[in-house]
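Residue 1 is where the sequence shown starts when you use UniProt numbering, and the numbers rise one by one after that. For every residue, glycine included, the Cβ atom is placed at its ideal position computed from N, Cα and C. Just so you know, these numbers come straight off a predicted model, no measurement behind them. Encoded as structure tokens, the structure appears first; notes follow it.
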Amino acid sequence: MNNKKTISLVLGSGGARGYAHIGVIETIEKKGYTIKSIAGSSMGALIGGLYAVGKLKEYKQWVLNLNYYDIYKLLSISSVEGGLVDAEKVFDKIKTFIGDINIEDLPIKYKAVATSLNTQETIVFEKGKLIDAIRASVAIPTIFIPIYKDDKILVDGGVLNPLPINLTSKDKTDLKIAVNLDANIKNKYIIDIPIEQLTREEVLYNEFNNLLNKAETLLPKELLTIVYKYRLNWISKKKEKKKALIKCDISSILRMTLNTARTVLSKYYIQNNKVDILIEISKESCSFYEFTKAYEMIEIGKMAANEAVK
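What follows is the structure in structure tokens.
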């Protein structure tokens with residue numbers, strides 16, 4: 001029995017692997033712990049913010065039903081320099097969960113990190129609009145348009161601090177738990193996906209594929225590039241897994257660069273900051289952009305937390 005121990009929870013960056021944070025939080029609460037403080041980076045800032053505002057359950061239901069076409073509808077090609085995608089539609093949806101609440105009005109302590117490109121420093125959000133903090137923290141370089149605030153150019157918090165354990169050093173809680181989404185370990189969890197999930201995904205992909213074929217002559221070239229990546233990713237998973245040469249196009253190099261930096265920096269923050277329990281999610285569990293894998297990642301989060309947290 002943990003006698004209702006209080007927790008400082010650190011939620012790392014890692015794109016779609018961040019869905020695992022949902023499973024971790026559910027498991028921690030099920031075991032009787034009380035989360036009193038959250039520090040998050042990128043996807044960790046989003047999931048942590050949704051929990052803090054009491055809307056994680058509703059968000060979970062939404063992402064469990066998210067499909068390729070839903071993602072396509074949320075994407076708008078940016079008309080300004082600095083990012084490929086305009087995040088307005090994405091955050092219009094996020095705002096339906098979060099609203100206009102200020103961080104200082106949340107029932108628990110909350111901090112989110114972003115990276116200032118022009119001043120080359122980590123920016124910590126601990127007051128002001130929650131939606132603004134999350135938006136800055138998840139602004140993936142070259143994908144989302146940067147956020148301009150107080151003469152700073154803000155992008156994804158994971159660029160400099162993918163696992164902000166250091167932000168909880170002064171917390172008066174019983175335990176500090178950190179969730180690393182970039183663990184350089186083998187994925188040991190096998191998830192039994194409900195047949196209805198598989199069937200739904202197959203049907204929706206076929207519908208999406210047909211729609212794409214019909215709209216091919218109407219869509220801008222830039223948008224076609226994005227949606228083609230989803231189709232190619234699907235096709236590749238239907239084939240037997242084989243060792244292949246890494247495709248070194250610009251987007252692949254950028255992705256690998258950011259992945260490498262996150263992994264190294266996460267190790268640094270783990271080694272240089274005290275943490276009582278470290279929950280590690282393999283970087284192999286899903287790719288950064290596989291946002292239709294909510295079910296699998298939530299289950300992996302539950303399993304990993306159940307093993308680590310007693």
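Check, Outcome
"Since I believe Thr173 is in contact with Thr6 (beta carbons under 8 Å), could you give me their beta-carbon distance rounded to a whole number of angstroms?", "4 Å"
"When you compare the CB of Ala308 with every CB in chain B, is at least one pair closer than 8 Å?", "The structure shown contains no chain B, having only a single protein chain."
"How would you label Asp150, buried or exposed, when you count the other beta carbons within 10 angstroms and need 16 or more for buried?", "exposed"
"Which first and last residues belong to the alpha helix (DSSP H) in which Phe91 is found?", "88-98"
"What are the boundary residues of the beta strand (DSSP E) that includes Tyr110?", "109-116"
"Measure the beta-carbon distance from Ile177 to Val309 and round it to whole angstroms, keeping in mind my assumption that it falls under 8 Å.", "7 Å"
"Any heavy atom of the ligand SAH within a distance shorter than 7 Å of the CB on Ile270?", "Judged by which ligands are present, the structure shown has none, so any question about the ligand SAH falls away."
"Which residues in the same chain have their Cβ closer than 6 Å to the Cβ of Glu290, if we skip the five residues on either side of it in sequence?", "Ala16"
"Would DSSP call Tyr69 helix, strand or coil?", "helix"
"Along the alpha helix (DSSP H) that carries Val124, what are the first and last residues, could you check?", "That residue, Val124, is in no alpha helix (DSSP H); its beta strand (DSSP E) goes 121-125."
"Can you grab the Cα-Cα spacing for the pair Leu66 / Ile277, in whole Å?", "31 Å"
"Quick one: give me the first and last residue of the alpha helix (DSSP H) that Glu26 is part of.", "20-30"
"Could you give the DSSP three-state label for Ala305: helix, strand or coil?", "helix"
"Could you give the distance in angstroms between the alpha-carbon of Lys302 and the alpha-carbon of Ala133?", "27 Å"
"Of all the options Ala20, Ile153, Lys89, which has the alpha carbon lying nearest to the alpha carbon of Thr119?", "Ile153"
"Using the three-state DSSP reduction, which class does Ser285 fall into: helix, strand or coil?", "coil"
"Mind the definition here: the region 54-64 touches the region 112-131 only if three or more C-beta pairs lie below 8 Å; say whether that holds.", "no"
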